[in-house]
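Chemist: Its first residue numbered 169, the sequence shown is counted upward by one per residue in our numbering. Heads up, the beta-carbon is just placed ideally off N, CA and C, and yes, glycines get one too. Fair warning: this is a prediction, and the values are worked out from it, not measured in the lab. I'd like to ask some things about the structure below.
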Amino acid sequence: NQITTDMATLTKEVERFAQDKKLEIEGLKIRENYRKEFIGNISHELKTPLFTVQGYILTLLDGAMKDKSVRKKYLVNANKGVERLIYIVKDLDMITKLEVGDLNIYKEEHNIIELVQNVFDLLEMKAAKKKIELAFDKPYPDSIMVMADRERIQQVLSNLIVNSIKYGREGGTTEVSIEDLIKNKVIVRISDNGEGIAKENIPRIFERFFRVDKSGSRREGGSGLGLAIVKHIIEAHAEKIYVESQLGIGSEFSFTLEKAK
Ligand code: ADP
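Rendered as structure tokens:
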């Protein structure tokens, strides 16, 4: 009897061990696929600007170098391609650091009104090119102090506002508003009256490299990583981000921040 009991226990343990190993292998397979997909996406993103730059260089080597005005134009365009590559690589570097937890978030007291104003100043020209008005619905007090990593939250604001311009309509408006919530939170909203996002795509927009319109988005620049970076930064602050959008009407992204005591 004892032997039978021992055998049964042993069999159970072997089964459990096998099950654990199976799960471990499945986990590894998922991670491996994830990695492969990531590398595939990176090469895809880098290919277009690399071929563009190469195209200009080859044309220059092919004789265009002799013509002074053409030479300048091609070099300027090649440089634009390089700038785009740098932009993508910077985003890749940032997402990698955020994903491996290698990017420390230093929360300090900052005036959120000032952070929004700084980003508006930087993006004014970009918005003006598309005749988009940047409106700031400032709350009554001149300062609302929040706990935030200044650089990172400015990046969040910048990514969201750049998107509202990219996917906004010519002559439209991007509005930022700050709501002082009763508890210890504020909510920052960035809304536009642009193209909006279809319901079925909303759950996917924070994924790395996800784009609604693959070709259209690429023409507008960007790396497909902007919103993934935004989400990581907000989560690293232990805060929340929300999106509401209607196709053809517009989008609103909002995130919370902790008020400074
Ligand atoms: P991208 O570099 O393509 O802009 P993001 O990660 O910033 O990458 O955004 C992912 C996708 O989400 C975009 O390609 C676009 O389809 C959609 N999107 C983001 N912001 C907006 C917005 N304000 N209005 C409409 N669509 C948006």
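Can you find at least 3 beta carbon pairs, one from the region 326-346 and one from the region 295-304, that sit closer than 8 Å?
Modeler: As far as the Cβ criterion goes, the region 326-346 touches the region 295-304, which means the pair count is three or higher.
Chemist: Does the Cβ-Cβ distance between I263 and R376 come in under 8 Å?
Modeler: Numbered from 1 along the sequence shown, position 95 holds the residue referred to as residue 263. Numbered from 1 along the sequence shown, position 208 holds the residue referred to as residue 376. Against a cut-off of 8 Å, the Cβ pair of R376 and I263 comes out as a contact.
Chemist: Can you give me the C-alpha to C-alpha distance between L290 and I321, rounded to a whole angstrom?
Modeler: The sequence position of residue 290 within the sequence shown is 122, counting from 1. The sequence position of residue 321 within the sequence shown is 153, counting from 1. Roughly 14 Å separates the two Cα atoms.
Chemist: Between A404 and S237, what straight-line distance do the alpha-carbon atoms span, to the nearest angstrom?
Modeler: Here the question's residue 404 lines up with position 236 in the sequence shown. Here the question's residue 237 lines up with position 69 in the sequence shown. Their backbone Cα atoms lie some 49 Å apart in a straight line.
Chemist: Kindly give me the distance between the Cβ atoms of L395 and F374, rounded to whole angstroms, as I take these residues to be in contact under 8 Å.
Modeler: For this step, residue 395 is matched to residue 227 along the sequence shown. For this step, residue 374 is matched to residue 206 along the sequence shown. Yes, they are in contact, since the Cβ atoms of L395 and F374 sit about 5 Å apart, within 8 Å.
Chemist: Is any heavy atom in the ligand PLP found nearer than 7 Å to the beta carbon of A396?
Modeler: The ligand PLP is not part of the structure shown, which contains the ligand ADP as its ligands.
Chemist: Counting only runs that start and end within the region 344-382, where is the beta strand (DSSP E) found for 3 or more residues in a row?
Modeler: Listed in chain order, they are 353-360.
Chemist: Let me check one thing: in DSSP terms, what residues is Y410 bridge-paired to?
Modeler: Indexing the sequence shown from 1 puts residue 410 at position 242. The partner list for Y410 (beta bridge, DSSP) reads S422.
Chemist: Which full runs of the alpha helix (DSSP H) of 4+ residues lie inside the region 279-345, going along the chain?
Modeler: 280-297, 318-334, all fully within the region 279-345.
Chemist: Hey, could you find the ends of the alpha helix (DSSP H) S211 is sitting in?
Modeler: For the purposes of this step, residue 211 is identified with residue 43 of the sequence shown, where counting begins at 1. Its alpha helix (DSSP H) spans residues 170-229.
Chemist: Please name the residue, chosen from L191, K265, V356, M175, that lies closest to S326 on a Cα-to-Cα basis.
Modeler: Position 158 of the sequence shown holds residue 326. Selected option, being the one with the closest Cα: V356.
Chemist: Cα-Cα, which of E426, I281, D230, L214 is closest to E251?
Modeler: Reading the sequence shown from its first residue, position 83 is the one you call residue 251. Checking every option, the nearest Cα to that of E251 belongs to L214.
Chemist: Quick check on the DSSP output: the alpha helix (DSSP H) that includes D259 runs from which residue to which?
Modeler: For the purposes of this step, residue 259 is taken as the residue at position 91 of the sequence shown. Segment 236-267, the alpha helix (DSSP H) holding D259.
Chemist: What residue does the alpha helix (DSSP H) around A396 start on, and which one ends it?
Modeler: As a position in the sequence shown, residue 396 is number 228, starting the count at 1. Its alpha helix (DSSP H) spans residues 394-404.
Chemist: Comparing the CB of F378 with every heavy atom of the ligand ADP, is any distance shorter than 7 Å?
Modeler: Mapped onto the sequence shown, residue 378 falls at position 210. F378 Cβ: within cutoff of the ligand ADP.
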